Amino acid sequence: LAARLRLRRGVALCESVLAEVPMAIGWLRPVILVPAGALLRLSPEQMEAILAHELAHVRRLDYVVNLTQVTVETLLFYHPAVWWLGRRIRAERENCCDDLAVALCGDAVVYARALVELETLAGHAPQMAVAATGGSLLGRVKRLLHAERGMRRNPATGLAAALVVVALAKTWFCAQLMLHAANAPTGAGIAV
Numbered sequence: 035l036a037a038r039l040r041l042r043r044g045v046a047l048c049e050s051v052l053a054e055v056p057m058a059i060g061w062l063r064p065v066i067l068v069p070a071g072a073l074l075r076l077s078p079e080q081m082e083a084i085l086a087h088e089l090a091h092v093r094r095l096d097y098v099v100n101l102t103q104v105t106v107e108t109l110l111f112y113h114p115a116v117w118w119l120g121r122r123i124r125a126e127r128e129n130c131c132d133d134l135a136v137a138l139c140g141d142a143v144v145y146a147r148a149l150v151e152l153e154t155l156a157g158h159a160p161q162m163a164v165a166a167t168g169g170s171l172l173g174r175v176k177r178l179l180h181a182e183r184g185m186r187r188n189p190a191t192g193l194a195a196a197l198v199v200v201a202l203a204k205t206w207f208c209a210q211l212m213l214h215a216a217n218a219p220t221g222a223g224i225a226v
């Protein structure tokens, strides 16, 4: 899988009793942690799809994106648009890795079943109710299965993200103007 994703560095695979879901961690020496029971509960095809997803995170350098995102969210913690955009970026990051995993393994249904199986392995039943949990798993599974049927993404999401970026830039520009105006000397040669 790593060779097919053209990864230039080795990625260690470790079984963990602490991890509830598979995860890629590390920067210089990336490691994929897999829950102890996952190797026994998932079929080889499902495990391959899950590993492809985690390797996609390593391939896409998502740790850099996540670090940058956390920094921006920390600096602009007061702006609701930053939190909305952060949730969208996290969701799209998972969607991109889901797409790479399906492209690598070839079967969206096997991958969707693996996601649901991992959710049950984490100690609770799969939460498919959108209102109760935000619908993360349900949204990913629906998207995977609809993508297999050839459905396209809603372009309004990209437009909304672009509008939020423009609004943030405008807010920053206005704040800079107000700071400049506040620091300007009063009555210093301003003609009316």
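Sequential numbering from 35 applies to the sequence shown in our numbering. No residue lacks a Cβ here, since even glycine has one placed at the ideal position from N, Cα and C. These numbers come from a predicted model, not from an experiment.
CB contact flag (residue i, residue j, <9 Å)
{"i": "L47", "j": "E82", "result": "no"}
{"i": "C139", "j": "H91", "result": "no"}
{"i": "L202", "j": "V143", "result": "no"}
{"i": "I84", "j": "A146", "result": "no"}
{"i": "R63", "j": "R43", "result": "yes"}
{"i": "S77", "j": "A125", "result": "no"}
Buried versus exposed call for residue i [16 or more other C-beta atoms within 10 Å across all chains shown]
{"i": "Y112", "result": "exposed"}
{"i": "L152", "result": "buried"}
{"i": "A159", "result": "Note on A159: pLDDT 45, under 50, position unreliable in the model; the coordinate value appears next. A159 should be labelled exposed."}
{"i": "Q210", "result": "exposed"}
Residues of its chain near residue i, where Cβ-Cβ distance is below 6 Å and the 5 sequence neighbours each way are ignored
{"i": "E88", "result": "P56, A58, I66"}
{"i": "V51", "result": "A70"}
{"i": "T105", "result": "none"}
{"i": "A37", "result": "none"}
Beta-carbon proximity list for residue i, same chain, < 7 Å, skipping 5 on both sides
{"i": "R127", "result": "D96, V99"}
{"i": "G123", "result": "With the sequence shown as reference, residue 123 is identified as Ile, and Gly is not the correct amino acid for it. Q103."}
Residue(s) in a DSSP beta bridge with residue i
{"i": "L47", "result": "I66"}
{"i": "M57", "result": "L67"}
Contacts around residue i, its chain only, beta-carbon distance under 8 Å, and the 5 residues preceding and following it disregarded
{"i": "E107", "result": "V116, W117, G120"}
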